[in-house]
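Peer 1:
Protein chains: 2
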Amino acid sequence: MENVTIRMLAERLQLSTATISKALNNSHEISEETKQRVLALAAELNYVPNPYASSLRKKASNTIAVVIPEVADSFFAEAINGIESVAQEKGYHVLIYLTHESFQKEQAILRDFQSGRVDGVLISVTTETAAAQHGLEQLVKEIPIVFFDRVCEEITAAKITTDDATAAYKATTHLIAGGCRQPVMLSASRHLSISNKRTEGFRQALADHQLPFTAASIIYCSNDTIATHELLKKAIQKEHYDGIIATTEKLATAVYEAAAALHLQIPHDLQVIGFSNLSTAKFLNPSLTTITQPAFDMGKAAAALLFKALKSSSFALPEQQEVIPSTLLIRNSTLAAAD
Amino acid sequence: MENVTIRMLAERLQLSTATISKALNNSHEISEETKQRVLALAAELNYVPNPYASSLRKKASNTIAVVIPEVADSFFAEAINGIESVAQEKGYHVLIYLTHESFQKEQAILRDFQSGRVDGVLISVTTETAAAQHGLEQLVKEIPIVFFDRVCEEITAAKITTDDATAAYKATTHLIAGGCRQPVMLSASRHLSISNKRTEGFRQALADHQLPFTAASIIYCSNDTIATHELLKKAIQKEHYDGIIATTEKLATAVYEAAAALHLQIPHDLQVIGFSNLSTAKFLNPSLTTITQPAFDMGKAAAALLFKALKSSSFALPEQQEVIPSTLLIRNSTLAAAD
DNA sequence: CCGTGTTACTTAATCGGTTAAGTAAATAAA
DNA sequence: TTTATTTACTTAACCGATTAAGTAACACGG
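Going line by line, the protein sequences match chains P and X. The working numbering numbers the first residue of the first sequence as 1 and each following residue consecutively. The working numbering numbers the first residue of the second sequence as 1 and each following residue consecutively.
#1: Tell me which residues of the segment 82-103 of chain P have at least one Cβ-Cβ distance to chain X shorter than 7 Å, keeping chain order.
#2: List, in chain order, every chain X residue whose beta-carbon is nearer than 8 Å to that of R111 (chain P).
#3: Given a cut-off of 9 Å, decide if L98 (chain X) and P343 (chain X) are closer than it, judged by their beta-carbon atoms.
#4: Just to confirm my understanding: we take P318 (chain X), look at its own chain, exclude 5 residues before and 5 after, and list those with CB closer than 7 Å. What are they?
#5: Buried or exposed: where does Y220 (chain P) fall if 16 or more other Cβ atoms within 10 Å of its Cβ makes it buried?
#6: Going by DSSP in three states, E153 (chain P) sits in which element: helix, strand or coil?
#7: When the cut-off is 9 Å and only beta carbons count, does A77 (chain P) lie next to chain X?
#8: May I have the straight-line CA-CA distance separating P286 (chain P) from S279 (chain P), to the nearest angstrom?
#9: Do you know how far the Cα of T17 (chain X) is from the Cα of F148 (chain P)?
#10: Any contact between the segment 254-269 of chain P and the segment 29-42 of chain P? By contact I mean 3 or more CB pairs, one from each, below 8 Å.
#11: Can you confirm whether V140 (chain X), when its beta carbon is compared against all beta carbons of chain P, has any partner nearer than 9 Å?
#12: By a C-beta neighbour count over all protein chains shown, 10 Å radius and 16 as the cutoff for buried, is G201 (chain X) buried or exposed?
#13: Starting from the beta carbon of I80 (chain P), find every residue of chain X whose beta carbon is closer than 7 Å, and list them in chain order.
#14: Can a CB atom of chain X be found closer than 9 Å to the CB of Q36 (chain P)?
#15: Tell me whether T327 (chain P) is buried or exposed, calling it buried when 16 or more other Cβ atoms sit within 10 Å of its Cβ.
#16: Heavy atom of the ligand SAH less than 8 Å from the Cβ of I68 (chain P), yes or no?
#17: How big is the Cα-Cα spacing for S102 (chain X) and T290 (chain X)?
#18: State the beta-bridge partners of F275 (chain X) as determined by DSSP.
#19: So which of X:Q237, X:I20, X:I83 and X:A72 has the shortest CA-CA distance to A65 (chain X)?
#20: What residues from chain X crowd round A258 (chain P), counting only those whose CB sits closer than 8 Å?
#21: Between P:H100, P:E32, P:L310 and P:K59, which has its C-alpha nearest D363 (chain P)'s C-alpha?
#22: Can you name, in chain order, every residue of its own chain whose Cβ lies under 6 Å from the Cβ of Q320 (chain X), other than the five neighbours on each side?
#23: Just the C-alpha distance for G243 (chain P) and S189 (chain X), rounded to the nearest angstrom, thanks.
#24: Could you please give the first and the last residue of the uninterrupted alpha helix (DSSP H) stretch that includes E89 (chain X)?
#25: Listing by chain order, which chain X residues have their CB less than 7 Å from the CB of F275 (chain P)?
#26: Once DSSP output is grouped into helix, strand and coil, what is the label at Q321 (chain X)?
#27: Excluding the 5 residues flanking M1 (chain P) on each side, which residues of the same chain have their C-beta closer than 6 Å to its C-beta?
#28: Find the nearest neighbour of S85 (chain P) within the set P:M298, P:L329, P:R331 and P:E128, judged by alpha-carbon distance.
#29: Between the C-alpha atoms of F275 (chain P) and E137 (chain P), what's the straight-line distance to the nearest angstrom?
#30: Measure the alpha-carbon distance for V151 (chain X) versus K234 (chain P) and round it to whole angstroms.
#31: When you compare the CB positions of L56 (chain P) and L15 (chain X), do they come within less than 9 Å of one another, or not?
#32: Can you pull the chain P residues whose beta carbon is under 8 Å from the beta carbon of F148 (chain X), in chain order?
#33: Taking DSSP's pairing of strands, which residues face S187 (chain X) in a bridge?
#34: Going by beta carbon distance, what residues of the same chain come within less than 6 Å of A338 (chain P), once the five residues before and after it are set aside?
#35: Would you call the CB atoms of L95 (chain X) and T63 (chain P) closer than 9 Å?
#36: Which residues, in order along the segment 111-126 of chain P, keep a beta-carbon less than 9 Å from a beta-carbon of chain X?
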């Protein structure tokens, strides 16, 4: 059986395709009676409109893109959840693209969006992304786009972030309160504003407690699990760190792995705080003190902002910013009590 | 600036749109020289073809849909990873739809696919889905579709599964070898073939070890976290289970939660095995013995199968089946040693 | 009774590509 | 030299919906 089209409905009912289209879109130009007849036949024949014909004509796809580094990170998984919940409610479709932290892939993906494939974009950039070289600047002007979590500092655009500097400051203070004198921060990128802000909060907390900030205070880790494991083991042995702030979920578990390999007891030999949304954090051995980001809400907020812009073109999207606070959840991988 | 179209290229080069189209598609009808001129101008003007125009005419969207219950489950997160890796390689786009275990949502989503929005579908059905009522039977005939993990037994269609019965049998045997005499299986559905197969493996293992299979041997849990928690606590207290097989990731952590609430020691009071892909399983307290499903590979296999069908229409997709084995990873939440 | 609106449609152009069918010129074969 | 074939294009239809513009029929106020 062929696909049912508007033309088929028109022929059956001896009406023009224009009438059918308008009837289906509940236009005031069409009589109640005709609308009923059209709707009835459409239901009977199981008519489903071709979205691409409609998109082509209307220049709107009812589709948004989500561009993220990976899904297997509970922050992004939860964020997708938030995004999808809003999109589904608004009748939008969600295309998903994984960059795997590759700036090249990210660029290729974004370039494609100039085709009009999507009405808007939600993006969390790769660790390699530095806004300068990027066509991002250009794209922001051409298509509604909302950055979330990993944003580009240099670009004027809509952004949903969490309070990274404050969170890092709190985490660091918490480590110090637990007796830590040699804290280190594991960072995933030198370029990302999110990383720099966390570094800033970390540095500030060290300064406020008269602890030195040196070259050894930050370790930049790659996305390569094995390399990171080796790097961590060597660094911990050499520098005798007594506290670690892991700024990504993967890095947090990497620390547990390294500690196990070096026979170090968490938290007595080494305190650990992770930026993580793992629902299993409290069941880890020992349970992991976390900076928990409001992933679901950030996803929702980003999507909501985007849809607001899509609805009214007069809405000045690029000026919107929102910061949703993270929470320090104190568990057994650190020593200080809650205050 | 307006979007660049094929017509604009045509006017600039004093050629017909047909020539431009063919040149861009590297048709043999076009001279090398003209192709170069077209490509050069396209690059210069940053031409990106409108996918919807092309989809409309070619009746192919270069897009697939992934329909799953949720993303915040590491099985599905990894599966998406596998799917996306294949899709990206083949130049396909991936639409994602979350059913949140709602059969109604699932139906609405699938119905939309009759519009031609996607060239193929990868689906893992909801816990509520029973094939019979479903329009699934119909859809399978109309559009290439591959079921993965949670399949519909009654439907003849392409399926990628893991060895659920065998895995459950192994898990049960392992519990029994550790001294368990009152094992219980936590199931997420009465309808799903995946659940029934696991039940079957469980039942068989009990029978082979002269243990009774009663109404209390299986607990059906809903998707409601709080209700599940209460249900679990009560059941464990009442029936004095000494071993639990949690058939979903969420249920595994729910068991840890319930055990903590009841002050039960895992594994001494209660052994636990989870069907789970959590990368943190080995860091849990105690580390969790898991049946680990090959999530990434199942995603890849499902996508590969789908693309094979999309490439050649003569390929008999509905007859394809593949079973990829799961692995029992023995850790500290159970007592028996590896054999 | 005439002009003005309103109602309920139809006609035809349009979105931006793709492709079957046609054509003119050049080349090869007979 | 004539016919057949190949090359490199063009023309125009088409995919399926949307929408600006047009129209016929009827109602209504003055």
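All C-beta atoms, glycine included, are put in the ideal place defined by N, C-alpha and C. Quantities reported herein were computed from a predicted structural model and do not represent experimental measurements.
Peer 2: Quick look at the numbers:
#1: E84, H93, V94, L95, I96 and L98
#2: Think of a sphere of 8 Å around the beta carbon of R111 (chain P): the chain X residues whose beta carbon falls inside it are V48, in chain order.
#3: Nothing about residue 343 (chain X) can be reported from this structure: the residues present for chain X run from 1 to 339 only.
#4: V140, T156, A157 and A158
#5: Result: exposed.
#6: Note: E153 (chain P) maps to coil in three-state DSSP.
#7: For A77 (chain P), the nearest CB of chain X lies under 9 Å from its own CB, placing it at the interface with that chain.
#8: The C-alpha of P286 (chain P) lies about 14 Å from the C-alpha of S279 (chain P).
#9: 40 Å
#10: Of all C-beta pairs linking the segment 254-269 of chain P to the segment 29-42 of chain P, fewer than three are shorter than 8 Å, placing the two stretches out of contact.
#11: no
#12: buried
#13: V71
#14: no
#15: exposed
#16: Annotation note on the ligand SAH: not contained in the displayed structure, which lists no ligands.
#17: 27 Å
#18: X:I291
#19: Nearest of X:Q237, X:I20, X:I83 and X:A72 to A65 (chain X), Cα basis: X:I83.
#20: In chain order: nothing, as chain X lies at least about 12 Å away.
#21: Residue 363 (chain P) cannot be examined here, being either before or after the span of chain P that is shown, 1 to 339.
#22: Excluding sequence neighbours, Q320 (chain X) sits near A158 and L305.
#23: 44 Å
#24: S74 to K90
#25: Within chain X, no residue comes near F275 (chain P); the closest Cβ sits about 15 Å away, beyond 7 Å.
#26: strand
#27: Note on M1 (chain P): pLDDT 45, under 50, position unreliable in the model; the coordinate value appears next. Answer for M1 (chain P): no residue qualifies.
#28: P:M298
#29: 29 Å
#30: 47 Å
#31: Their beta carbons are not under 9 Å apart, which means L56 (chain P) does not touch L15 (chain X) by this criterion.
#32: Going along chain P, no residue has its Cβ under 8 Å from F148 (chain X), so there is no contact; the nearest lies around 16 Å.
#33: X:Y220
#34: I330
#35: yes
#36: Contact annotation: in the segment 111-126 of chain P, residues whose CB is within less than 9 Å of a CB in chain X are R111, D112, F113, Q114, S115, G116 and R117.
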